[in-house]
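Numbering (the numbering used here), first residue to last: 56 to 289. Even glycine gets a Cβ: it sits at the ideal position worked out from N, Cα and C. Structure first, commentary second.
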Amino acid sequence: MLLTGIGINPTTQQAFIATRLPARNGNFYIGLEGTDKDDEYKWIDGMDPEYTNWDYPLYTDPPPYCAVMRSGSSSIHGRWNRRTCTSNRQHICQIPIDDDHRWQEFGESQYLIKFTPHATPSAARETCQSYGGDLAIIKTAEVNTFLKALLPTCSDSYFCYLIGFRRSGKGTFYWLDDTAIQYKDWYSAREPNDADSWGCLGTRDGASWYDQTSQLSSPYICERTPGMNSDDPT
């Protein structure tokens, strides 16, 4: 399993991450790995840890060892321990800010996942349009699968990423280019019947489509044609 971990040095960063962990018991991989030497660990970028938060005694799993951040009772919450690297576990991801500014090309379009700041549909459209595009339109299973693979799955948090179709009044859903929706990927294969709602691509239940109100702020997905960047993010 490929782990995208985090390097933790400052105490403030450690405290911040600990507050985001669930209250239930758990072990979340971080980007610290054991070396061939006893009790020696390095961050996955090769740096030695200047800050540690070990919870002794350490687990006696067989090596190789990867560090985990524990969640649960106050005595262990946020503390570190070690587990076998080959076991399947949840993990904590660190996404550089620049990743928010990288367009991914597929077919004849480029796509941008906007994680932050969250926006209402109207504000999201304004941002996408400033880049020379609009909210993403998903007319094929291939595009749908491609975008699902771009969404982060490293958190318990549930997000639904706005895409480019909506419903007004009691009419049907339609894409922002005024075309009818042919390919569909609704959760449970049921089209919602809420009025004045927008479509979004969720990060649970296999990353299916949902709907949400136009007042809700969410992350979103922009789409543009290559060469149409009017105000590229930097």
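Thinking residue i and residue j are a contact (beta carbons under 8 Å), I'd like their distance in whole angstroms, please.
i    : j    : result
Y114 : N136 : 5 Å
A174 : Y111 : The Cβ separation is near 45 Å, so there is no contact.
I85  : A122 : 5 Å
Q159 : L205 : 6 Å
P207 : C148 : 6 Å
T66  : Y96  : T66 to Y96, Cβ: 18 Å. No contact.
Is the beta carbon of residue i within less than 6 Å of some heavy atom of the ligand SAH?
i    : result
A235 : The ligand SAH is absent from the structure shown, which contains no ligand whatsoever.
By DSSP, does residue i sit in helix, in strand, or in coil?
i    : result
T268 : strand
K203 : helix
T171 : strand
F71  : helix
E278 : strand
S243 : helix
Q184 : helix
A179 : helix
E88  : strand
T139 : strand
A196 : helix
T66  : helix
M102 : coil
I147 : coil
G133 : coil
D81  : One detail in the question is off: residue 81 reads as Gly in this sequence, not Asp. If DSSP states are grouped into helix, strand and coil, G81 belongs with the strands.
T163 : Reading off the sequence, residue 163 comes out as Glu, not Thr. In the structure shown, E163 sits in coil (DSSP, three-state: anything other than H, G, I, E or B).
W109 : strand
S273 : strand
Given a threshold of 16 other Cβ atoms within 10 Å of its Cβ, counted over all protein chains shown, does residue i qualify as buried or as exposed?
i    : result
K194 : exposed
K169 : buried
T182 : buried
R157 : exposed
P176 : buried
K120 : Strictly speaking, residue 120 in this sequence is Tyr, with Lys absent from that position. When all chains shown are included, Y120 counts as buried.
A191 : buried
Y238 : exposed
R222 : buried
R75  : exposed
A196 : exposed
A179 : buried
Considering only their Cβ atoms, is the gap separating residue j from residue i smaller than 7 Å?
i    : j    : result
T139 : D116 : yes
D266 : G254 : yes
S164 : E88  : no
G219 : D251 : no
S263 : Y242 : yes
N108 : R144 : no
C215 : G282 : no
F201 : F161 : yes
Under 7 Å between C-beta atoms, does residue i make it to chain D?
i    : result
Q159 : Structure shown: chain D not included; a single protein chain is present.
Is it a yes or a no for the segment 81–98 touching the segment 112–127, going by three-plus beta-carbon pairs under 8 Å? Yes, they touch.
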